[in-house]
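Asks: Protein chains in written order, with my numbering: chain P, 6 to 301; chain S, 4 to 211. Would you mind keeping the following structure in view while I ask a few things?
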Amino acid sequence: MSTSDLVRESAHRSAPSLDYLRLAIPEDELHAARRALYHSSGAGYVVFPNFLTPAHVAHIRSIWSSADPWISHARFQGKAQFQVGCPNFADIHPDGTRVFHNFLWNPPLDEVTREASIFVHMLRNRLSGRNAFDECLPGAGKAVNYRVVISRNPNTAVGLHRDYFDHARRLEKNAYDPSRLQATLFLSEKGKDYDGTGFRFTRNDGAVVVFGTDVPMAPGDLVIWKYTNWHAVDPIVSRPDQLGFMRIIYPPEVIHPAARAARQPTLADVTALGRAAARRVRETLVRRGKSLFASS
Amino acid sequence: MDLALLMDAAVEHNLVPGEYFSLWDDLGGWQLDALRSIGLRPEHRLLDVGCGAMRLGLAAVEYLDDGNYFGVDAFAPYVAVARRLAEVTGVRKRFTLRVDSSFAFEQFQTQFDYGNAQSVFTHLSEDECDRCMSSLRRVMRPGSRFLFTYLIGAPVTQGMLYCGTQPMRRFAGTNPDFFAELAARHGAEFERLSLAHPTGQHVAVFKF
């Protein structure tokens with residue numbers, strides 16, 4: 006064998022076995038999870054324990070519970086604000102409940118959260134038979150919102166409902182789609198960070214489970230579940246010294262065409278505008294100063 | 004058809020049960036009704052191109068005389084699910100299924116009185132449409148009819164990954180007379196039908 010052949014063979018043997026199919030998650034690796042999700046004998050959900058490392062969990066909890074939201078987020082006033090190119094939005098309550106709506110086309114408040122969320126969304130897509138990166142951007146009208154939620158009181162409950170199961174509108178795209186899945190990345194621990202109930206889910210066999218009680222959940226665990234099954238967020242309570250019920254969910258939101266009005270600015274935008282204006286004033290003063298010198 | 008039964012059969016073969024299955028009765032029922040409206044009778048032999056998991060096929064097998072249904076699809080998981088559904092729903096009549104992407108309809112070694120292609124030409128290139136017609140010409144009896152659905156117009160996305168895995172095209176022809184010209188090239192007639200399709204596709208028939 007020639008030297009060049011040896012070099013080539015060595016490089017081939019040491020190259021990691023990463024290719025498109027491997028990175029897109031092979032179909033046979035998804036089968037067991039799909040059975041659990043979709044088969045009538047399955048639970049209707051799959052838990053991926055320790056999806057995030059403790060270090061990632063600690064970082065994400067710290068960022069979202071303490072960051073000044075108005076540097077990076079605009080005030081949330083309703084889903085009509087979800088338009089092409091819109092900023093991220095925050096909804097902050099007096100009791101400390103925080104909800105952050107985040108889209109992938111914006112610079113993130115936290116890169117760790119964003120990276121983890123891209124992988125969660127990709128895994129959810131592949132399990133539901135979609136292209137890995139479908140609905141990252143609103144090409145077909147929907148885009149994922151990696152919504153960080155820290156609930157601190159019973160008023161943040163979400164009533165019992167099911168999504169994508171409107172039989173009467175089944176001929177409309179997305180109205181009646183049993184393949185749809187949702188993901189919940191748990192970031193808090195019941196009994197430690199909050200008390201009460203939390204996320205309640207009806208399994209494929211009709212049994213009702215509460216995550217954190219019937220299904221043990223630890224911060225960093227990921228659950229992917231059937232969107233078309235009945236589910237709710239029952240009231241929780243938290244003390245001032247507790248974090249609250251924190252999780253990230255991944256609803257694909259309808260993204261409306263951009264309005265003709267200017268993009269709603271965040272504080273970062275205003276700050277940048279202010280700096281640009283200050284620079285122009287400074288440059289003008291300098292020019293005038295120079296001309297004063299020149300004329301003297 | 005019970006949605007849970009469809010979903011179980013699909014996921015047993017690692018196929019995600021999406022809208023293909025949730026619209027089973029709407030689209031399967033529509034296809035059989037449409038074929039019957041253009042003359043399909045139990046004694047006729049039917050070729051179902053792009054048969055999928057037999058969304059038309061299960062109902063057609065029941066309607067047709069024993070052995071008169073022939074289905075072909077390029078996506079192997081669908082054919083596996085079709086066989087499973089036939090088993091769990093207790094189909095007794097004989098039928099023939101093949102996995103094939105080369106339009107080799109002669110492999111059935113029979114001639115057909117009727118044919119069907121629901122959402123098939125919407126996923127072929129113009130060249131593939133030509134090859135399909137060449138093959139149909141060899142297996143459709145004189146006087147036979149082939150029902151199909153189609154769309155005209157170039158979509159922005161012309162290549163897709165079906166079920167997240169199978170590379171597939173979208174028909175991108177903008178000539179409104181494409182299918183009439185295609186028929187003429189292969190010695191057939193084209194007739195647009197006024198049947199309303201559940202998802203808004205055009206409906207037409209080739210007459211051989």
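Glycine included, each C-beta is placed from N, C-alpha and C at the ideal position.
Going by DSSP, which residues form a beta bridge with GLU258(P)?
Replies: Locating residue 258(P) in the first sequence gives position 253, counting from the first residue. The partner list for GLU258(P) (beta bridge, DSSP) reads ALA148(P).
Asks: So, helix, strand or coil for GLU194(P), using DSSP?
Replies: Translated into positions along the first sequence, residue 194(P) becomes position 189. If DSSP states are grouped into helix, strand and coil, GLU194(P) belongs with coil.
Asks: Tell me which residues share the same chain as ALA267(P) and place their Cβ nearer than 7 angstroms to its Cβ, disregarding the 5 neighbours each side in the sequence.
Replies: Mapped onto the first sequence, residue 267(P) falls at position 262. With a pLDDT of 48 at ALA267(P), under the threshold of 50, the modelled position of that residue is not reliable, and the figure given next carries that caveat. The answer is none, since no qualifying residue turns up.
Asks: MET10(S) versus chain P: which residues are under 8 angstroms apart at the beta carbon?
Replies: Here residue 10(S) corresponds to residue number 7 of the second sequence, with the count starting at 1. The contacting residues are TYR43, HIS44, SER45 and PRO183.
Asks: Assuming LEU35(P) is part of the alpha helix (DSSP H), what are its boundary residues?
Replies: Taking the first sequence and counting its residues from 1, the one referred to as residue 35(P) is at position 30. Run containing LEU35(P): 32 to 43, per the alpha helix (DSSP H) assignment.
Asks: Determine, using beta carbons only, whether ILE155(P) and TRP69(P) come nearer to each other than 8 angstroms.
Replies: Indexing the first sequence from 1 puts residue 155(P) at position 150. Indexing the first sequence from 1 puts residue 69(P) at position 64. Yes.
Asks: With 8 angstroms set as the bound, which would you pick, yes or no: does the beta-carbon of ALA63(S) sit closer than that to a beta-carbon of chain P?
Replies: Sequence index remark: in the second sequence, residue 63(S) carries index 60 (1-based). Not closer than 8 angstroms to any Cβ of chain P, the Cβ of ALA63(S) fails to qualify, so no.
Asks: Which value, in whole angstroms, describes the spacing of the CA atoms of PHE108(S) and LEU43(S)?
Replies: Taking the second sequence and counting its residues from 1, one reaches residue 108(S) at position 105. Taking the second sequence and counting its residues from 1, one reaches residue 43(S) at position 40. Straight-line Cα distance between these residues: approximately 20 angstroms.
Asks: Determine the burial state of GLN34(S): buried for a count of at least 16 other Cβ atoms within 10 Å of its Cβ, exposed for fewer.
Replies: Translated into positions along the second sequence, residue 34(S) becomes position 31. So GLN34(S) ends up on the buried side.
Asks: Check whether the Cβ of HIS166(P) lies closer than 7 angstroms to any heavy atom of the ligand SAH, and answer yes or no.
Replies: Absence of the ligand SAH from the depicted structure is noted, as is the absence of any ligand whatsoever, leaving it without description.
Asks: Hey, could you find the ends of the beta strand (DSSP E) TYR66(S) is sitting in?
Replies: Sequence index remark: in the second sequence, residue 66(S) carries index 63 (1-based). Here TYR66(S) belongs to no beta strand (DSSP E); instead the alpha helix (DSSP H) covers 60 to 66.
Asks: Given a cut-off of 8 angstroms on the beta-carbon distance, is the pair ARG39(P) and LEU132(P) in contact?
Replies: By 1-based counting over the first sequence, the position of residue 39(P) is 34. By 1-based counting over the first sequence, the position of residue 132(P) is 127. Yes, Cβ-Cβ distance for ARG39(P) and LEU132(P) is below 8 angstroms.
Asks: Can you check whether the CB of LEU49(S) is closer than 8 angstroms to the CB of PHE73(S)?
Replies: For the purposes of this step, residue 73(S) is identified with residue 70 of the second sequence, where counting begins at 1. For the purposes of this step, residue 49(S) is identified with residue 46 of the second sequence, where counting begins at 1. Yes.
Asks: Which partner residues of GLU184(S) appear in the DSSP bridge assignment?
Replies: The sequence position of residue 184(S) within the second sequence is 181, counting from 1. DSSP, once it has assigned bridges, lists no residue as partnering GLU184(S).
Asks: Measure the alpha-carbon distance for PHE24(S) versus PRO183(P) and round it to whole angstroms.
Replies: Start at 1 with the first residue of the second sequence, and residue 24(S) comes out as number 21. Start at 1 with the first residue of the first sequence, and residue 183(P) comes out as number 178. Near 9 angstroms, if we compare the C-alpha coordinates of PRO183(P) and PHE24(S).
Asks: Which same chain residues end up closer than 6 angstroms to GLY47(P) when comparing Cβ atoms and leaving out the 5 residues on each side of it in sequence?
Replies: Position 42 of the first sequence holds residue 47(P). Closer than 6 angstroms at Cβ, skipping near neighbours: ARG40, ALA41 and ASN209.
Asks: Using the beta-carbon count (16 or more within 10 Å), is GLY211(P) buried or exposed?
Replies: Working through the first sequence from its first residue, we reach residue 211(P) at position 206. GLY211(P) is exposed by the Cβ-count criterion.
Asks: Using C-beta distances below 8 angstroms, list every residue in its chain close to PRO262(P), excluding the 5 sequence neighbours before and after it, in chain order.
Replies: To locate residue 262(P), count along the first sequence from 1; it is residue 257. GLN88 and VAL89, listed in sequence order.
Asks: Could you tell me whether the Cβ atoms of VAL238(P) and ALA162(P) are closer together than 8 angstroms?
Replies: Your numbering for residue 238(P) matches position 233 in the first sequence. Your numbering for residue 162(P) matches position 157 in the first sequence. It is a contact, given that the beta carbons lie within the stated cut-off.
Asks: Hey, quick one: how far does the alpha helix (DSSP H) through MET4(S) stretch, first residue to last?
Replies: Position 1 of the second sequence, counted from the first residue, corresponds to residue 4(S). Taken as a continuous stretch (DSSP letters only), MET4(S) belongs to no alpha helix (DSSP H), as it is neither H nor E.
Asks: Tell me whether GLU22(S) is buried or exposed, calling it buried when 16 or more other Cβ atoms sit within 10 Å of its Cβ.
Replies: For the purposes of this step, residue 22(S) is taken as residue 19 along the second sequence, with counting starting at 1. GLU22(S) comes out buried.
Asks: Out of GLU120(P), SER122(P), ASP139(P) and ASN234(P), point me to the one whose CA is closest to LEU164(S)'s CA.
Replies: Within the second sequence, the letter at position 161 stands for residue 164(S). Among GLU120(P), SER122(P), ASP139(P) and ASN234(P), the Cα nearest to that of LEU164(S) is on ASP139(P).
Asks: Starting from GLY162(S), trace the alpha helix (DSSP H) in both directions and tell me its first and last residue.
Replies: If you number the second sequence from 1, residue 162(S) lands on position 159. Careful: GLY162(S) lies outside any alpha helix (DSSP H), inside the beta strand (DSSP E) at 162 to 165.
Asks: Give the interface partners of PRO170(S) over in chain P, defined as CB-CB distance under 8 angstroms, in chain order.
Replies: Taking the first residue of the second sequence as position 1, residue 170(S) is located at position 167. Under the 8 angstroms cutoff, chain P gives no residues; its nearest Cβ is about 11 angstroms from PRO170(S).
Asks: Answer with yes or no whether the minimum CB distance from GLU22(S) to chain P is below 8 angstroms.
Replies: Locating residue 22(S) in the second sequence gives position 19, counting from the first residue. Chain P contact via Cβ: present.
Asks: Suppose contacts are defined by Cβ-Cβ distances below 8 angstroms. Is GLY162(S) in contact with ARG172(S) by that definition?
Replies: For this step, residue 162(S) is matched to residue 159 along the second sequence. For this step, residue 172(S) is matched to residue 169 along the second sequence. Contact: yes.
Asks: Using a Cβ-Cβ distance under 8 angstroms, would VAL82(S) count as near chain P?
Replies: Here residue 82(S) corresponds to residue number 79 of the second sequence, with the count starting at 1. Taking Cβ atoms only, chain P never reaches closer than 8 angstroms to VAL82(S), which makes this a no.
Asks: Using DSSP with H/G/I as helix, E/B as strand and the rest coil, what is HIS78(P)?
Replies: As a position in the first sequence, residue 78(P) is number 73, starting the count at 1. Here HIS78(P) sits in strand by DSSP.
Asks: Hey, quick one: how far does the alpha helix (DSSP H) through ARG140(S) stretch, first residue to last?
Replies: Counting from one through the second sequence, the residue named residue 140(S) turns up at place 137. Counting along the chain, the alpha helix (DSSP H) containing ARG140(S) begins and ends at 129 to 142.
Asks: Using C-beta distances below 6 angstroms, list every residue in its chain close to HIS47(S), excluding the 5 sequence neighbours before and after it, in chain order.
Replies: As a working note, residue 47(S) is residue 44 in the second sequence. For HIS47(S), where only same-chain residues beyond five positions count, the Cβ hits under 6 angstroms are ASP116 and TYR117.
Asks: Against chain S, which members of the segment 118 to 137 of chain P pass a CB distance test of less than 8 angstroms?
Replies: Against chain S - using a Cβ distance shorter than 8 angstroms - the residues of the segment 118 to 137 of chain P are ASN130, ARG131, LEU132, SER133, GLY134, ARG135, ASN136 and ALA137.
Asks: Checking the sheet assignment: what are the DSSP bridge partners for MET171(S)?
Replies: Taking the second sequence and counting its residues from 1, the one referred to as residue 171(S) is at position 168. In DSSP, MET171(S) forms a bridge with MET163(S).
Asks: Does the segment 216 to 235 of chain P come close enough to the segment 108 to 119 of chain P that 3 or more CB-CB pairs lie under 8 angstroms?
Replies: Contact fails: fewer than three Cβ-Cβ distances are below 8 angstroms.
Asks: Tell me whether the segment 76 to 86 of chain P and the segment 56 to 64 of chain P touch, counting them as touching only if at least three CB pairs, one residue from each stretch, are closer than 8 angstroms.
Replies: Because the criterion of three Cβ pairs below 8 angstroms is not met, the segment 76 to 86 of chain P and the segment 56 to 64 of chain P do not touch.
Asks: Is DSSP giving THR58(P) helix, strand or coil here?
Replies: Translated into the one-based positions of the first sequence, residue 58(P) becomes position 53. THR58(P): coil per DSSP, three-state reduction.
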